[in-house]
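Quick notes on the structure that follows.
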Amino acid sequence: MIDQKEITLPRFKRGYHIITNNILNKIGKLPEKGLINIFIKHTSAALTINENADPSVTIDFERFMNHLIPDGDKLYSHTMEGTDDMAAHIKSSTFGQSLTIPITNHQLNLGIWQGIYLCEFRNNGGHRKLVVTVYN
Amino acid sequence: MIDQKEITLPRFKRGYHIITNNILNKIGKLPEKGLINIFIKHTSAALTINENADPSVTIDFERFMNHLIPDGDKLYSHTMEGTDDMAAHIKSSTFGQSLTIPITNHQLNLGIWQGIYLCEFRNNGGHRKLVVTVYN
Amino acid sequence: MIDQKEITLPRFKRGYHIITNNILNKIGKLPEKGLINIFIKHTSAALTINENADPSVTIDFERFMNHLIPDGDKLYSHTMEGTDDMAAHIKSSTFGQSLTIPITNHQLNLGIWQGIYLCEFRNNGGHRKLVVTVYN
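Heads up: the protein sequence lines correspond to chains A, B and C, in order. Take 1 as the starting number for the first sequence in the numbering used here and just add one per residue. Take 137 as the starting number for the second sequence in the numbering used here and just add one per residue. Take 273 as the starting number for the third sequence in the numbering used here and just add one per residue.
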């Protein structure tokens with residue numbers, strides 16, 4: 001059985017944000033056993049899983065990734081949409097737009113330290129749309 | 137229900153290529169609701185989702201990723217298959233070989249700017265094979 | 273039909289390790305056709321697919337990724353868990369924690385050179401837990 005829902009997230013500022021509860025609060029009771037796929041319909045943001053405890057992890061992601069894949073790099077020719085745009089596209093493909101997570105005992109079977117991150121790579125990304133698909 | 141098909145792509149030159157229609161043209165009518173998984177059976181190419189509009193995005197991916205993960209880096213010991221080989225392996229794992237995308241109303245539920253990219257990291261990658269699995 | 277199993281891996285040292293058989297040996301007969309999802313319940317390790325033949329590939333992954341995302345980088349503020357911790361988090365999201373692979377003719381439909389890698393980014397990662405979900 002497939003259950004599917006589109007979710008519009010609130011605006012998040014540029015950076016890495018834990019949205020596990022934003023998702024769980026919008027979907028109904030999970031099946032006993034199955035898989036959930038969460039897909040972000042954008043090319044300048046991403047979804048990933050990382051530490052849900054110490055906020056310094058999200059800060060360091062922002063700092064380090066801006067250093068690794070810099071805004072306004074001289075190699076970019078796609079510059080019309082702003083200095084943050086091409087860097088956002090590359091980061092989006094590096095982390096990915098689609099997460100598949102097991103469901104066990106009616107819950108996401110995440111590790112104790114795992115949370116779902118929205119990675120917002122634009123300075124003004126606006127409302128991001130997700131498609132959540134649960135199958136069992 | 138699971139529907140599965142193996143697709144052989146035409147040869148693409150090194151770089152990033154939008155293959156959304158190459159895939160859609162080879163598979164039948166999609167179910168009303170479900171998920172599609174597209175898997176590339178190679179370790180020196182990848183699949184990702186990114187902008188489907190301005191061709192400069194694909195050019196910048198090639199330029200920037202060649203700078204980030206260079207051919208023939210002095211750290212590589214796996215050099216027998218050419219200077220582009222080890223870089224191709226690392227890029228392949230960075231972007232990934234498997235995409236899962238929601239299907240809604242008999243269509244891929246991609247964002248308006250999203251297209252599926254074949255990332256060809258070898259100078260002569262040849263024909264790449266995909267496995268497409270649709271489930272609903 | 274969904275079949276799900278939790279697997280505890282043996283301890284692996286820091287680096288990249290082919291675990292295709294560690295997984296296959298722990299799960300039963302695969303269905304004729306379907307998909308398998310393998311999920312790692314950690315934020316300082318990852319799963320990826322890469323070359324299963326020449327061991328120099330796994331060595332070069334370790335060397336190059338340590339250069340690209342270094343331990344103890346001066347940009348990190350999350351340093352309390354050791355110099356390898358924050359780098360491990362970033363690598364974990366770069367490669368990802370979830371793999372979806374097609375099943376065809378009761379086997380993983382991997383390319384001939386593809387193997388499943390555990391990427392152990394910590395100096396002492398301990399036993400890592402996977403959730404394997406098979407659906408058909």
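In this text, a Cβ means the ideal position worked out from N, Cα and C, and glycines have one as well.
Per-residue DSSP class, three states only, for residue i
i, result
"S98 (chain A)", "strand"
"N68 (chain A)", "The question names Asn, yet the displayed sequence has Leu at residue 68 (chain A). Helix."
"K91 (chain A)", "helix"
"T194 (chain B)", "helix"
"D275 (chain C)", "strand"
"M80 (chain A)", "coil"
"D345 (chain C)", "coil"
Minimum C-alpha distance to residue i - residue among the options
i, options, result
"V403 (chain C)", "C:N294, C:K313 and C:Y288", "C:K313"
"P102 (chain A)", "A:C119, A:I69, A:N136 and A:N22", "A:N136"
"A112 (chain B)", "B:T236, B:E198, B:N245 and B:L246", "The displayed coordinates of chain B run from 137 to 272. Any statement about residue 112 (chain B) would go beyond what the structure contains."
"L380 (chain C)", "C:K277, C:N293, C:I274 and C:G287", "C:N293"
"Y117 (chain A)", "C:N309, C:T280, C:S365 and C:E392", "C:S365"
"D356 (chain C)", "C:M337, C:K301, C:Q369 and C:G368", "C:M337"
"T48 (chain A)", "A:I112, A:G15 and A:C119", "A:C119"
"A45 (chain A)", "A:T104, A:Y16, A:M80 and A:Y76", "A:Y16"
"K169 (chain B)", "A:L99, A:H67, A:I69 and A:K5", "A:K5"
"E187 (chain B)", "A:D3, A:N123, A:H78 and A:K13", "A:H78"
"I384 (chain C)", "C:Q369, C:N395, C:D326 and C:G397", "C:D326"
"R14 (chain A)", "A:I36, A:M80 and A:K91", "A:K91"
"S328 (chain C)", "C:G354, C:K401 and C:I290", "C:I290"
"G397 (chain C)", "C:E353, C:T405 and C:T376", "C:E353"
"K401 (chain C)", "C:N395, C:D275 and C:R283", "C:R283"
"K346 (chain C)", "A:T43, A:G72 and A:D60", "A:D60"
"T58 (chain A)", "C:T405, C:I341 and C:M358", "C:M358"
"R394 (chain C)", "C:V406, C:L307 and C:P342", "C:P342"
"H242 (chain B)", "B:I138, B:M137, B:P167 and B:D139", "B:P167"
"Y212 (chain B)", "C:H339, C:G344 and C:Y348", "C:H339"
Per DSSP, the bridge partner or partners of residue i
i, result
"N173 (chain B)", "B:T236 and B:T269"
"H17 (chain A)", "A:L118"
"L244 (chain B)", "B:I239"
"T8 (chain A)", "A:K129"
Element boundaries [alpha helix (DSSP H), containing residue i]
i, result
"L296 (chain C)", "T292 to L296"
Boundaries (first-last residue) of the beta strand (DSSP E) holding residue i
i, result
"N322 (chain C)", "A317 to E323"
"G115 (chain A)", "Q114 to E120"
Presumed contact (8 Å Cβ cut-off) between residue i and residue j, rounded CB distance
i, j, result
"H399 (chain C)", "L296 (chain C)", "In fact, because the Cβ distance is near 19 Å, the residues do not count as touching under 8 Å."
"K26 (chain A)", "I7 (chain A)", "5 Å"
"L110 (chain A)", "I38 (chain A)", "Incorrect: roughly 12 Å between the Cβ atoms, too far for contact."
"Q97 (chain A)", "T315 (chain C)", "Not really, about 19 Å apart at Cβ, beyond 8 Å."
"L171 (chain B)", "T133 (chain A)", "6 Å"
Any non-hydrogen atom of the ligand ADP within 6 Å of residue i CB
i, result
"I331 (chain C)", "Ligands are entirely absent from the displayed structure, and the ligand ADP is therefore not among its contents."
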